[in-house]
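Oh and the sequence shown: position 327 is 327 in full-length UniProt numbering, straight run, nothing missing. A virtual CB, placed ideally from N, CA and C, is assigned to each residue, including glycine.
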Amino acid sequence: MTSTIKNFRQSSSFFMATLCSILLLSVACFVFYFISVVNSDGFLAESRAAIDAEMSRLLMLDQIDSNALKKALSMHNDTPQNTFIYGLFSKQNEVLIGNKAFWSPFLNELQQNTPTLTQYQIAQGGGADDLSFFQQLENLTLESNYLSKSVQVEEGNYLIVARNIDEFRTARWFAMTFGWVIFVITLMLILCFYIIGQFVVNKVNSISRIANEIITTGNISKRIARDRYWDDLSKLEIVLNTMLDEIESLMLGMKKVTDDIAHDLRTPLTRLRNDLEQVEPAELKEELLSEADRLLSMFNGLLRIAEVESGKKRAEFQLVDFDDIVRDAEALYAPLCDEKNISINSVIKTAKVYGDRNLLFQICINLIDNAIKFTPSGGLIEIMLSEQDGCTFLSITDSGIGIDESEINHIFKRFYRVERSRNSEGNGLGLSIVQAIVQLHKGRITVKNRAVGTRFELFFPKDKNMTCAANLPK
């Protein structure tokens, strides 16, 4: 799980999802800033200023004539288009002008000697009303919001001016609702971005994993699993699988031609070699027999690879003592090492491999033979067998001429020979056979250059349910 998340964080999908999320969060922050402004008292400044201005005008009338104030209040309350509501109360809180039921919530303000500006929430409607403006509100049951200011006027009475601010309250409600909707949508979009990004990364990882397994194991029969068909990546999977089908078909055709040629020519070549036994003089016979043996060895190698790649040998697999096989291969080449003055340093621990004993033995003798061939006199060959990363690990290291980095990826190809070994014996099939056998065992082989010489590392499964082909670092 940690690996998947790490891959996702390193992907372009994560970068794009993060970028879009930052943009959305910026929009959301701007929306919430706007909401905070709407919710602030700054939006009520105009209503406060209007109430203050109206109160000043009425106080000027009161200073001229109290009856003029009462007349103006009555006239304004009878005007439905007027946005202000007025009330005049005595010291005993009796309603002189205005609707008593309407003004009841405001009566507490009458005890204050200083002008105040207060916000109320009043249930409109109900009760008799001597003012036509309030008669229009008798059937309303919704709550309305008012901003009011009370001032003591001449004769000790109290004057209240109120203004309906429902529009501001409605704007606030819509702003808050819009803000929360934007917030929820932003969170959902951010979640969708990351889900889609994770989906894309998982699909790409799946394609990459299969491609890596094909490259690592050489098993071109693997295909990318398709669990859905609606997205573009699924179409890409179809195209890649079709391409792999074509490549596999071409490669199988080429292998079949090569195998058929090797099979058809081995018999006449064997007869030709037997006939060469009668050739004279002896020097010519030896030269021709050597060439015939080289050709037979080449064809036998090709047929051996074909036999291994067919997979028929897997039916004979069993759990074998790989340490005994490695020791037998070492003992087989010990006399040749003594003859060439080459030392063998081996550390062989008990190890099991699920496979074919003869094929595993051929891997060992091919690699040891290669090491002896390219190690000069006085050199050293190291053989190590142990368990590593859950698999059986074998390494064979020589102190020979080494391999150029540019050639490492080609040495397992059929008939390929590194430039430095052109003059040595061999047909270029030994490592191809080794790789075919390793792949048949669901193992893995890697090559590493050293300061002096080359190191071959092999990993094999310890039981039939394991694979060491693609779960190890290169």
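In whole angstroms, what separates the C-alpha of residue i from that of residue j?
i, j, result
"M251", "I215", "14 Å"
"I196", "F460", "38 Å"
"P115", "F193", "Low per-residue confidence applies at P115: pLDDT is 43, beneath 50, and the placement is therefore not dependable enough to give any value."
"K203", "N212", "14 Å"
"T177", "L147", "23 Å"
"E286", "T350", "45 Å"
"D389", "E407", "27 Å"
"F456", "F183", "59 Å"
"L440", "P281", "46 Å"
"K235", "V347", "51 Å"
"E283", "R271", "20 Å"
"V326", "L233", "47 Å"
"V434", "G443", "11 Å"
"D328", "K448", "25 Å"
"L73", "V27", "48 Å"
"R48", "I85", "14 Å"
"A45", "F174", "20 Å"
"I207", "E277", "57 Å"
"residue 476", "R417", "The structure shown does not extend to residue 476, since the chain spans only 1 to 474, so no value can be given for it."
"Q92", "G98", "15 Å"
"D129", "V95", "Low confidence applies to D129: its pLDDT is 38, below 50, so where it sits in the model is not reliable, and the reading given next is rough at best. Cα-Cα distance, rounded: 12 Å."
"T446", "I363", "14 Å"
"C468", "I238", "28 Å"
"R392", "Y333", "It should be noted that the sequence gives Thr, not Arg, for residue 392. Looking at the two C-alpha atoms, the distance is approximately 22 Å."
"V201", "T454", "38 Å"
"D245", "F34", "60 Å"
"R226", "L458", "32 Å"
"F361", "V452", "26 Å"
"A315", "N274", "35 Å"
Beta strand (DSSP E) containing residue i: first to last residue?
i, result
"D52", "Where D52 is concerned, there is no enclosing beta strand (DSSP E), although the alpha helix (DSSP H) it sits in stretches over 45-64."
"I160", "158-164"
"I97", "95-97"
"N345", "343-348"
Along the alpha helix (DSSP H) that carries residue i, what are the first and last residues, could you check?
i, result
"D323", "322-339"
"K373", "357-374"
Assuming contact is defined by CB atoms lying nearer than 7 Å, are residue i and residue j in contact in what I supplied?
i, j, result
"I247", "I224", "no"
"G355", "F317", "yes"
"R169", "I51", "no"
"I190", "S21", "yes"
"S395", "T375", "no"
"S377", "N345", "no"
"S90", "N157", "yes"
"L359", "I437", "yes"
"V153", "D65", "no"
"L385", "D321", "no"
"T186", "L58", "no"
"K149", "M55", "yes"
"L336", "I372", "yes"
"L450", "S432", "The question names Leu, but residue 450 in the sequence shown is Arg. Going by C-beta atoms, R450 is not nearer than 7 Å to S432."
"K464", "K352", "no"
"residue 477", "E387", "The first residue shown for the chain is 1 and the last is 474, placing residue 477 beyond what the model contains."
"P160", "G87", "First, the amino acid is wrong: residue 160 is Ile here, not Pro. Closer than 7 Å, so yes."
"F32", "G179", "yes"
"L288", "S343", "no"
Could you check what DSSP says for residue i in three-state terms: helix, strand or coil?
i, result
"K149", "strand"
"T454", "strand"
"Q92", "coil"
"K462", "coil"
"K235", "helix"
"K352", "strand"
"F84", "strand"
"T18", "helix"
"T467", "coil"
Taking only runs of the beta strand (DSSP E) that begin and end inside the stretch 377-448, which ones reach a length of at least 3 residues, in chain order? 380-388, 391-397
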